[in-house]
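Line by line, the protein sequences are chains R and B. In my numbering, each number is its position in the first sequence, counted from 1, plus 38. In my numbering, each number is its position in the second sequence, counted from 1, plus 2. Even for Gly, the Cβ is constructed at its ideal location relative to N, Cα and C. Quantities reported herein were computed from a predicted structural model and do not represent experimental measurements.
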Amino acid sequence: MSKIKSLFDSAKFKSAFIPYFTLGDPNYNDSIEFGKTILDNGADILELGIPFSDPVADGPVIQRAVARSLKNSFSFDEIFRVTKAIHDHKPETPLVYLTYFNPIYHCGITKFLDRAKESGIVGLVIPDLPFDTAESETLFRELKVRDMDLIHLVTPASEKKRIQALAKTSSGFIYYVTSFGVTGERREFSLDLKERIRFLKETIQLPICAGFGISTPDQANQISQYADGIIIGSAIQRIIEENGSDRSKVVSALADYISKIRTSIS
Amino acid sequence: MGKNLPGYFGEFGGRYSPEILTEALEELESTYQKLKKSKKFKKELEYYLRNYVGRPSPLTYAERLTKHWGGARIWLKREDLNHTGAHKINNAIGQALIARFMGKKRIIAETGAGQHGLATATVGAMFGMETVVYMGAVDVQRQNLNAKKIEMLGAKILPVTAGEATLKEATSEAMRDWALNVSTTHYIVGSAIGPHPFPTIVRDLQAVIGKEAKSQFKKENKKLPSAIVACVGGGSNAIGMFHAFLKDKQVAIYGAEAGGLGPKPGEHSATLTYGKTGFLHGTKTLIIQDEFGQIVPAHSVSAGLDYPGVGPEHAFLSQTGRVDYRMVTDEQALDCFLEVSRIEGIIPALETAHAFHVARDVARDLGKKKDLIICLSGRGDKDVTEVLRLLGERSK
Numbered sequence: 039m040s041k042i043k044s045l046f047d048s049a050k051f052k053s054a055f056i057p058y059f060t061l062g063d064p065n066y067n068d069s070i071e072f073g074k075t076i077l078d079n080g081a082d083i084l085e086l087g088i089p090f091s092d093p094v095a096d097g098p099v100i101q102r103a104v105a106r107s108l109k110n111s112f113s114f115d116e117i118f119r120v121t122k123a124i125h126d127h128k129p130e131t132p133l134v135y136l137t138y139f140n141p142i143y144h145c146g147i148t149k150f151l152d153r154a155k156e157s158g159i160v161g162l163v164i165p166d167l168p169f170d171t172a173e174s175e176t177l178f179r180e181l182k183v184r185d186m187d188l189i190h191l192v193t194p195a196s197e198k199k200r201i202q203a204l205a206k207t208s209s210g211f212i213y214y215v216t217s218f219g220v221t222g223e224r225r226e227f228s229l230d231l232k233e234r235i236r237f238l239k240e241t242i243q244l245p246i247c248a249g250f251g252i253s254t255p256d257q258a259n260q261i262s263q264y265a266d267g268i269i270i271g272s273a274i275q276r277i278i279e280e281n282g283s284d285r286s287k288v289v290s291a292l293a294d295y296i297s298k299i300r301t302s303i304s
Numbered sequence: 003m004g005k006n007l008p009g010y011f012g013e014f015g016g017r018y019s020p021e022i023l024t025e026a027l028e029e030l031e032s033t034y035q036k037l038k039k040s041k042k043f044k045k046e047l048e049y050y051l052r053n054y055v056g057r058p059s060p061l062t063y064a065e066r067l068t069k070h071w072g073g074a075r076i077w078l079k080r081e082d083l084n085h086t087g088a089h090k091i092n093n094a095i096g097q098a099l100i101a102r103f104m105g106k107k108r109i110i111a112e113t114g115a116g117q118h119g120l121a122t123a124t125v126g127a128m129f130g131m132e133t134v135v136y137m138g139a140v141d142v143q144r145q146n147l148n149a150k151k152i153e154m155l156g157a158k159i160l161p162v163t164a165g166e167a168t169l170k171e172a173t174s175e176a177m178r179d180w181a182l183n184v185s186t187t188h189y190i191v192g193s194a195i196g197p198h199p200f201p202t203i204v205r206d207l208q209a210v211i212g213k214e215a216k217s218q219f220k221k222e223n224k225k226l227p228s229a230i231v232a233c234v235g236g237g238s239n240a241i242g243m244f245h246a247f248l249k250d251k252q253v254a255i256y257g258a259e260a261g262g263l264g265p266k267p268g269e270h271s272a273t274l275t276y277g278k279t280g281f282l283h284g285t286k287t288l289i290i291q292d293e294f295g296q297i298v299p300a301h302s303v304s305a306g307l308d309y310p311g312v313g314p315e316h317a318f319l320s321q322t323g324r325v326d327y328r329m330v331t332d333e334q335a336l337d338c339f340l341e342v343s344r345i346e347g348i349i350p351a352l353e354t355a356h357a358f359h360v361a362r363d364v365a366r367d368l369g370k371k372k373d374l375i376i377c378l379s380g381r382g383d384k385d386v387t388e389v390l391r392l393l394g395e396r397s398k
């Protein structure tokens, strides 16, 4: 059984809290501290972003984070080193990577997955790899033999037929994109969000976690009433951006924010 | 992927874009399949191409250039004489008609040299559609005339400051806008790039170039040319020119890509020479990237060519060897820009100047009594300020 499945099966929470941040922003060693802080303050699953030069599904906050990260010398060795350090801090919390497909393809799928697994990664989210591609099928197969998950994105525009089709090669949880557009904090969500998530739950036998746009404890609380998990990226990345040169300030602000969100969805 | 439209060209192509765009891409694909068979659509497209764009564009025999180069007879397919001064209008008109058919009232575009932005702004004005053009901030500077024209036509120009602030970043930003406004907006992709079905649609809309060139040449000479040449950035004028000739094995086909300042990463846009297979802006193609799969910024003297990817069909044609793609440096393109202007009385776009350089070598290799057609993809008015600046630097 995958680590993510057993986490949701254990159901120790009403809704899982899944924070995201980009590795290497502002540098790789700080990322280790940020990861530890987030884990210590209530992340149920942690999404680690592998920076890619052209993040088309991301809004300005994460774009800037990626740009800052890539000013450091990028290497997979660094990515896996930092991941392992975060994993070793709290090995029971599942870690997943969010990245675009090109770096994975370039690294080589099996080599990438072997090293990711060794570093403590249990799943992948790839915004630019639709399920109906040969590469996605290969990836799903390779992940499965390693007991790792392929987490697909479903959007408000996804039709029923497509959702049913993607269920066959999805595992872990479904990343439900709450609104049109790219990542970034939003004030309001579509009125039918609750119905969409309910429909998804009926269609796919996987936990449905909502992301894109959520930033405040109130929003998290509201959506946690019907979603199995809350994914937050840009708001966390903004904290890193605003305090980036002062590691201890970032750590303290992150601890405060993460625990507030965790409390709001308990 | 659709049964009638090829999503892949060999291993290249496909649809690798964020999930939020999938429904829109499927809608576009099914709409286009219907429209392709629709007599009404064909008639409407032909009407605008003839009466608004000014097609067919002439096939000009370049007598002075032929004598000067001393090889094969040179013919020019005059896309520079289209309304707005380049081949881009063929695609913009076609996609605007498709957008109208889908009920989309807003169109967006990315642009490098500004010609596609200008073409989109033009059709936006003509069809009364809200138009937004994403352009790298660096390109807004170096292609200021086109930027101003775009605004004059009533379109909004949004400069993109991220990264190198050129075409790659403008393309990413246009994709983000589309993801946000997908139900009301059609993204008029400007080259034969992007997720399926864009490379096919753009190719089909630009194929008019090669079809006309072939029939014009045959009418005049009762045979096929020995060779054809076009410049390749994303590759829309090139694929449009090549398409009608791909099955004519006796016609040699050449593409000219931007060799820029030299072979070092970041100094060129020679995707077909130095690129490796990868995934960018929704398509699997050859991309200039580093050892970790991060995209390397591209460079060219021509803002229209400095894109680190290339249309997937070109990647395929390069792999199969049907098209011979050659690199042309900034300096060689600049020399040809001046040479063609002075010898033939036509100021070509800097993009096209790359094609002229390859054509000169090919014409000399072919020798006399052979014929070569160059796709003159656009006129060089937009480049005059930049060329003067470069000549000033050269003389220092």
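Item	Value
Do Gly-19(R) and Ile-42(R) have their CB atoms nearer than 9 angstroms?	Residue coverage of chain R in this structure runs from 39 to 304, which leaves residue 19(R) outside it and unanswerable.
Check the DSSP bridge columns for Pro-57(R) and list the partner residues they point to.	Ile-270(R)
With the cut-off set at 9 angstroms, would you say Arg-200(R) and Thr-24(B) are in Cβ contact?	yes
Provide the residue span of the alpha helix (DSSP H) that contains Thr-301(R), from first to last.	285-302
Could you tell me the alpha carbon to alpha carbon distance between Gln-117(B) and Gly-73(B), rounded to whole angstroms?	32 angstroms
Below 7 angstroms CB to CB, which residues in the same chain sit around Leu-368(B) once its five sequence neighbours on both sides are set aside?	Gly-73, Ala-74, Ser-228, Ala-229, Leu-374
Between which two residues does the beta strand (DSSP E) holding Arg-75(B) run?	75-80
Taking the C-alpha atoms as reference points, what is the distance between Tyr-417(B) and Pro-310(B)?	The requested residue 417(B) is not part of the displayed model; chain B covers only 3 to 398.
On the DSSP letters alone, give me the boundaries of the alpha helix (DSSP H) that Tyr-276(B) sits inside.	273-276
Please compile the residues from chain R whose C-beta is within a distance smaller than 8 angstroms of the C-beta of Ser-19(B).	Val-94, Asp-166, Pro-168
Indicate whether the contact test is met: 3 or more Cβ pairs, each with one atom in the segment 168-176 of chain B and one in the segment 207-223 of chain B, closer than 8 angstroms.	no
By the three-class DSSP mapping on this structure, what secondary structure does Ala-194(B) have?	coil
I need the DSSP call for Arg-381(B), collapsed to helix, strand or coil.	strand
Counting C-beta neighbours from all protein chains within 10 Å, is the total for Asn-223(B) 16 or more, i.e. buried, or is it exposed?	exposed
Do Gly-210(R) and Leu-191(R) have their C-beta atoms within less than 9 angstroms of each other?	no
Going by DSSP, what residue range makes up the alpha helix (DSSP H) through Glu-341(B)?	332-346
Using a C-beta cutoff of 9 angstroms, does Asn-140(R) count as contacting chain B?	yes
For His-188(B), list the residues DSSP reports as bridge partners.	Ile-109(B)
Does any residue of chain B have a CB that is nearer than 9 angstroms to the CB of Tyr-135(R)?	no
Would you mind telling me which residues of chain R sit closer than 8 angstroms to Phe-200(B), beta carbon to beta carbon, in chain order?	The premise fails here: Phe-200(B) is roughly 14 angstroms from chain R at the closest Cβ pair, so nothing lies under 8 angstroms.
Kindly indicate if chain R contains any beta-carbon less than 9 angstroms away from that of Ala-229(B).	no
Alpha carbon to alpha carbon, how far is Glu-130(R) from Ile-159(R)?	11 angstroms
Buried or exposed for Lys-5(B), going by 16 or more other Cβ atoms inside 10 Å?	For Lys-5(B), the predicted structure reports a pLDDT of 49, less than 50, and the residue's modelled location is therefore unreliable. A value from the coordinates is still provided. With fewer than 16 Cβ atoms within 10 Å of its Cβ, Lys-5(B) is classed as exposed.
In terms of DSSP beta bridges, what is Gly-161(R) paired with?	Val-134(R), Asp-187(R)
Between Asn-148(B) and Ala-115(B), is the Cβ-Cβ spacing less than 9 angstroms?	yes
State yes or no: is the beta carbon of Ser-271(B) nearer than 9 angstroms to at least one beta carbon in chain R?	no
Strictly below 7 angstroms CB to CB, what residues from chain R border Val-364(B)?	Simply none; closest approach about 34 angstroms.
Give the residues of chain B in contact with Cys-145(R), contact being defined as C-beta atoms less than 8 angstroms apart.	Phe-294, Gly-295
What's the call for Gln-208(B), buried or exposed, on a 16-neighbour Cβ count within 10 Å?	buried
In chain order, what residues of the segment 23-50 of chain B put their CB closer than 9 angstroms to some CB of chain R?	Leu-23, Thr-24, Glu-25, Ala-26, Glu-28
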